[in-house]
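Heads up, the thing below is written out as structure tokens.
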Amino acid sequence: MSRRTRRATAAVVTTLLVASVAACSSTGGRKAVEDAERARSAGKASTPTMTIALVTHSGPGDTFWDIVRKGAQDAAAKDNVRLQYTADPDGAKQANLVQQAIDKKVDGIALTLAKPDAMQGVVKKSIAAKIPVVALNGGLDRWKAMGVTSYFGQDEKIAGQQAGDRMLKEGAKHPVCVIHEQGNVGLNDRCAGVKQKVPATQLLYVDGKSPASMQTAITSKLQQDKAIDYVLTLGGPIALVAVQSKSSAASKAKVVTFDTSQDLINAIKGGTVEWAVDQQPYLQGYLAIDQLWLLKTNGNTVGGGQAVLTGPAFIDKGNVAAVEKFAASGRR
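Numbers -25 to -1, 1 to 307, taken from mature numbering (1 follows the signal peptide of the UniProt record, and there is no 0), label the letters of the sequence shown in order.
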């Protein structure tokens, strides 16, 4: 075969191959695969739109839940998910919101189990309706027994123990642990963990729905008991109220807290709050939605039947600068 003939034959073969690939790409499964790969490389799934309900026990104005919601929204945008967010701190009302999601026949439900007894019935109904459920933030001791697929959060007892250990090393002798939501098992576990390490820890119950009432209660406690040397709050906004109470009571107690926000990060920088226990709420919202999408689209579950822990870790003056840049976007 001459060199000219070989070149002509190669050109024909190349043309046929290009035509064949083009034909495969324009119709059938090959195009779908290519489209999906392009979508994934662009950071967004090409899977059919699904609807997921996120139902939490958040109260109005709680910035912690804004961060959880931001994580859920980012995962929903990536996964082509239509996210429906509702919340109520009352257990019965939260359960009613879950029932509404079941009635709408959503594709999945992510929820908190801060008041597991109130939620048990609707979780059972959801599973019976073939709607998968994942839990986040609250219910570490109960999620598996309730048939929930996965759990994302921290072990609140361990987090409380670590907070107690740190306060003890810093010299705490008479802390007060401020509980802003009665009946919330996670908040109770935090204070119980602290009390295991610092037995003299007192509990103070306040109305988390009313900043003015909280400030009055904490101020009064500090005025009545001058021996209090640490005020431990269980949420960033409550810590900022405690800072005001400390000033009003002319107390020398140190303010420390669980959970963060942009304002709380600024308070740590400014020295009015010593440190915060961080459980990465953004990650909880993100992973919960992503898990339901993975389950629906590929049958995946994460955690191997164990909780996926997102905390605890400490944020203080030593590392707050590294966190600050992310807090500005509402994600830490």
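Note that the Cβ used here is the ideal one computed from N, Cα and C, for glycine as well.
Under DSSP, the beta-bridge partners assigned to L86 are V30, A110. Between P256 and F39, the CB-CB gap stays under 8 Å.
DSSP places Q281 outside any beta strand (DSSP E), giving it a letter other than H or E. Less than 8 Å divides the Cβ of L284 from the Cβ of D130. A direct Cα-Cα distance of roughly 31 Å separates I133 from S222. Looking at V160, Q219, A28, Y205, the one whose alpha-carbon comes closest to that of R117 is V160.
Inter-segment contact for the region 201 to 221 and the region 99 to 114 is absent: fewer than three beta-carbon pairs are separated by less than 8 Å. Below 8 Å, too few C-beta pairs join the region 62 to 80 and the region 257 to 265 to call them touching: fewer than three. If you check the CB distance, I290 and V277 do not come in under 8 Å. Beta-bridge analysis with DSSP links L115 to no other residue. Taking each of G293, L269, A302 in turn and checking the Cα distance to P23, the smallest one comes out for L269. Counting only runs that start and end inside the region 195 to 235, the alpha helix (DSSP H) elements of at least 4 residues fall at 211 to 223. CA-CA distance, I102 to V108, rounds to 7 Å. For Q75, the enclosing alpha helix (DSSP H) stretches over residues 66 to 78. Straight-line spacing of the CA atoms in N275 and V181 works out to 42 Å. Residues of the same chain with a CB within less than 6 Å of the CB of E249, apart from the 5 flanking positions on each side, are K229, V231 in chain order. V295 is a Cβ neighbour of I243, given a cutoff of 8 Å.
DSSP, reduced to helix, strand and coil, places G46 within a helical segment of the structure shown.
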